[in-house]
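Engineer:
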Amino acid sequence: MRGLLRKLGKSLMIAFSIPVVSIDGPLKIGRKKEDIRSSSIQSRSKAHDVIKRMLASLGDPYTRFLSPDQFSKMARYDVSGIGMNIKEVPDENGGTKLRVLGLVLDGPAHLAGVRQGDEVLAVNGMDVAGKSAFEVLSSIQGPNETSVTLKVKHGNCGPIQSVTIERQVVARTPVFYRIEQMENGGPSVGYMRLKEFNALARKDLAIAMKRLQKMGASYFVLDLRDNLGGLVQAGIEIAKLFLNQGDTVIYTVGKDPQYQQSAVADNQPLTEAPLIVASALHDNCRAVLVGEKTFGKGLIQSVFELHDGSGVVVTVGKYVTPNHKDINGNGIEPDYRNFPGWHDVEQRLSQCKYVHEHG
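Quick note on full-length UniProt numbering: the sequence shown kicks off at 1 and runs consecutively.
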């Protein structure tokens, strides 16, 4: 299935808008062994406190300690859940509040009335003020076919509503597609909307592309707006559908400042997956980007279990685009704010290929 779009000989536009929190400054990890050895720790809870302070001193909000209960929940984390992701945003009092970052269209949360931008106030009657997005997402997760009740405030000044949502762990098809005829008898356009990067995404997107091609599509639009995100590996595999053999999807940068061609395997649900697809196709001259400037943290994290069942999540590197652009704090600029004509798309892709070939 690699290079499916190349074999079809088609052009692609990607529409995207994925507002992801970014962090400032590079991560510097250090450890003073003498300080640790000289500390007298009397209990497990105090040991956990010491670990939390050590991790906090790194200045990376994504490096964190997990209690045994949190680690256990993370180990059985379900990407599907209720089809919702949240993020921390500043509030009016200098603290943070939780807003809905993305929704799976027609997923459990969406069908229950939750909308992107809603503020999450409580989970099962428990106030979530002061809690992290990770803690709240963990409390939302639960067994299949059980329910969770969320209290949400719609928008900035909208009404407050309690909604009961049934959890679902069975992955649904994340792809919606249709054929559109251009005006004045022009070529047909295959429109594909990818709702999330789950286990079905690559297979269903490949099927959609083949069906649209049989229906006469000469061009394709891949719509990633309001995408929930998903597995990093799913993003890499989807990017490969559109790329030539040997094209770079992403580079990873670790402790040593060298670029490594990568096919990262990561089972944690992340909103980075749409960014991986968009940047890979753009930098390899396979697509133009349409929409808003998009930010992402672009970090690679490892999860380590400790002896007592607790754990730590540590940032160990970052990824950059095939053109070696660091997404962290910089984002991805679109080629166009509004949809261009297909002649402009072809011209821009031709210019991109010329620059790549001739430097």
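Glycine residues also receive a C-beta, built at the ideal position from the N, C-alpha and C atoms.
I need the straight-line Cα distance from residue 360 to N330, nearest angstrom please.
Structural biologist: Residue 360 lies beyond the stretch modelled for the chain, which goes from 1 to 359, so this question has no answer here.
Engineer: Report the CB separation of T315 from L299 in whole angstroms; it is logged as a contact under 8 Å.
Structural biologist: Indexing the sequence shown from 1 puts residue 315 at position 315. Indexing the sequence shown from 1 puts residue 299 at position 299. With a Cβ gap of about 5 Å, T315 and L299 count as contacting.
Engineer: Between which two residues does the alpha helix (DSSP H) harbouring L349 extend?
Structural biologist: Mapped onto the sequence shown, residue 349 falls at position 349. Where L349 is concerned, the enclosing alpha helix (DSSP H) stretches over W342 to H358.
Engineer: What are the uninterrupted segments assigned as beta strand (DSSP E) that are 3 or more residues long and contained completely in the region 199–244, given in chain order?
Structural biologist: The region 199–244 contains these whole beta strand (DSSP E) runs: 217–223.
Engineer: Looking only at DSSP bridge pairs, what is I332 linked to?
Structural biologist: As a first step, residue 332 is located in the sequence shown; it is residue number 332 there, counting from the start. I332 pairs with T294.
Engineer: Does DSSP put V136 in a helix, a strand or coil?
Structural biologist: Within the sequence shown, residue 136 is the residue found at index 136, counting from 1. Reduced to three states, the DSSP call for V136 is helix.
Engineer: Where do the ends of the beta strand (DSSP E) carrying P90 lie?
Structural biologist: Against the sequence shown, residue 90 aligns to sequence position 90. It spans M84 to P90 - the beta strand (DSSP E) in which P90 sits, taken as one unbroken run.
Engineer: Less than 7 Å between the beta carbons of M192 and L222, yes or no?
Structural biologist: As a first step, residue 192 is located in the sequence shown; it is residue number 192 there, counting from the start. As a first step, residue 222 is located in the sequence shown; it is residue number 222 there, counting from the start. Yes.
Engineer: When the Cα atoms are used, what is the spatial distance from S43 to G309?
Structural biologist: Within the sequence shown, numbered from 1, the residue matching residue 43 stands at position 43. Within the sequence shown, numbered from 1, the residue matching residue 309 stands at position 309. In a straight line, the C-alpha of S43 is about 15 Å away from that of G309.
Engineer: Locate the alpha helix (DSSP H) running through V50, then write down its first and last residues.
Structural biologist: Start at 1 with the first residue of the sequence shown, and residue 50 comes out as number 50. V50 -> alpha helix (DSSP H) spans R44 to A56.
Engineer: How about N334 and V277: do their beta carbons lie closer than 7 Å?
Structural biologist: Working through the sequence shown from its first residue, we reach residue 334 at position 334. Working through the sequence shown from its first residue, we reach residue 277 at position 277. According to the sequence shown, residue 334 is Pro rather than Asn. No, Cβ-Cβ distance for P334 and V277 is not below 7 Å.
Engineer: For my contact list, G83 and L205 are in at a C-beta cut-off of 8 Å; report their separation, rounded to the angstrom.
Structural biologist: Against the sequence shown, residue 83 aligns to sequence position 83. Against the sequence shown, residue 205 aligns to sequence position 205. The pair is not a contact, with the Cβ atoms about 18 Å apart (cut-off 8 Å).
Engineer: Between V189 and Q116, what straight-line distance do the alpha-carbon atoms span, to the nearest angstrom?
Structural biologist: Here residue 189 refers to the residue found at position 189 when the sequence shown is read from its first residue. Here residue 116 refers to the residue found at position 116 when the sequence shown is read from its first residue. Computed Cα separation, rounded: 28 Å.
Engineer: Which whole-angstrom value is the C-beta distance of V152 and V163, which I expect to be below 8 Å?
Structural biologist: By 1-based counting over the sequence shown, the position of residue 152 is 152. By 1-based counting over the sequence shown, the position of residue 163 is 163. Rounded, the Cβ-Cβ distance is 7 Å, consistent with contact.
Engineer: Residues in the same chain with beta-carbon distance under 6 Å from V249, minus the five sequence neighbours each way, listed in chain order, please.
Structural biologist: Here residue 249 is taken as the residue at index 249 of the sequence shown, counted from 1. Result list for V249: I236, A239 and A280, in chain order.
Engineer: Give the single residue among A208, V355 and A47 whose Cα lies nearest to the Cα of Y177.
Structural biologist: Your numbering for residue 177 matches position 177 in the sequence shown. Taking only the C-alpha atoms, the option nearest Y177 is A208.
Engineer: For F134, collect the residues of the same chain with a Cβ closer than 6 Å to its Cβ; drop the 5 residues on either side in sequence, then sort them by chain order.
Structural biologist: On the sequence shown, residue 134 is found 134 positions in, with the first residue counted as 1. Taken in chain order, the list of residues that qualify is empty.
Engineer: Please classify F65 as buried or exposed, where buried requires at least 16 neighbouring CB atoms within 10 angstroms.
Structural biologist: As a position in the sequence shown, residue 65 is number 65, starting the count at 1. F65 is buried by the Cβ-count criterion.
Engineer: Under 7 Å between C-beta atoms, does T315 make it to chain D?
Structural biologist: Of the protein chains in this structure there is only one, and it is not chain D.
Engineer: Could you give the distance in angstroms between the alpha-carbon of R348 and the alpha-carbon of C157?
Structural biologist: The count along the sequence shown starts at 1 and reaches residue 348 at position 348. The count along the sequence shown starts at 1 and reaches residue 157 at position 157. C-alpha separation (whole angstroms): 42 Å.
Engineer: Go ahead and pull the three-state DSSP assignment for S310.
Structural biologist: Indexing the sequence shown from 1 puts residue 310 at position 310. Here S310 sits in coil by DSSP.
Engineer: Start and end of the beta strand (DSSP E) containing V104?
Structural biologist: In the sequence shown, the residue the question calls residue 104 occupies position 104. Neither: V104 is in no beta strand (DSSP E) and is coded neither H nor E.
Engineer: Can you find the residues in the same chain that come closer than 7 Å, C-beta to C-beta, to D24, ignoring five residues on each side of it along the sequence?
Structural biologist: Start at 1 with the first residue of the sequence shown, and residue 24 comes out as number 24. Residue confidence for D24 is low, a pLDDT of 42 falling below 50, so the modelled location carries little weight; the figure read from the coordinates is stated next. If we look at D24 and ignore the five residues flanking it on each side, its Cβ neighbours are G329.
Engineer: Quick one: what's Y191 bridged to in DSSP?
Structural biologist: Working through the sequence shown from its first residue, we reach residue 191 at position 191. According to DSSP, which records beta bridges pairwise, Y191 is partnered with R178 and V221.
Engineer: Pull up the DSSP beta-bridge partners for R64, would you.
Structural biologist: In the sequence shown, the residue the question calls residue 64 occupies position 64. In DSSP, R64 forms a bridge with V313.
Engineer: Give every residue of the same chain whose Cβ lies closer than 7 Å to the Cβ of L55, excluding the five residues on either side of it in the sequence, and list them in chain order.
Structural biologist: Mapped onto the sequence shown, residue 55 falls at position 55. Closer than 7 Å at the Cβ level, and outside the excluded window around L55, lie T63, R64, F65 and V312.
Engineer: S232 and G317: beta carbons closer than 7 Å?
Structural biologist: The residue you call residue 232 lines up with position 232 of the sequence shown. The residue you call residue 317 lines up with position 317 of the sequence shown. Note on residue identity: the sequence assigns Val, not Ser, to residue 232. No, they are not a contact pair.
Engineer: Measuring CA to CA, which of A122, E305, R337 and A273 is closest to E292?
Structural biologist: On the sequence shown, residue 292 is found 292 positions in, with the first residue counted as 1. Of the listed residues, the one whose Cα sits closest to E292 is R337.
Engineer: Just verifying my parser: in three-state terms, what is the DSSP assignment at I276?
Structural biologist: If you number the sequence shown from 1, residue 276 lands on position 276. Three-state result, I276: helix.
Engineer: Roughly how many angstroms separate the alpha carbons of S45 and P340, rounded to a whole number?
Structural biologist: For the purposes of this step, residue 45 is taken as residue 45 along the sequence shown, with counting starting at 1. For the purposes of this step, residue 340 is taken as residue 340 along the sequence shown, with counting starting at 1. So the two alpha carbons sit approximately 58 Å from each other.
Engineer: Residue range of the beta strand (DSSP E) that V120 falls in?
Structural biologist: Working through the sequence shown from its first residue, we reach residue 120 at position 120. V120 -> beta strand (DSSP E) spans E119 to V123.
Engineer: Looking only at its chain, what residues have a beta carbon closer than 6 Å to the beta carbon of R202, apart from the 5 residues adjacent to it on each side?
Structural biologist: As a working note, residue 202 is residue 202 in the sequence shown. Excluding residues within five positions, the ones whose Cβ falls inside 6 Å are E237 and I238.
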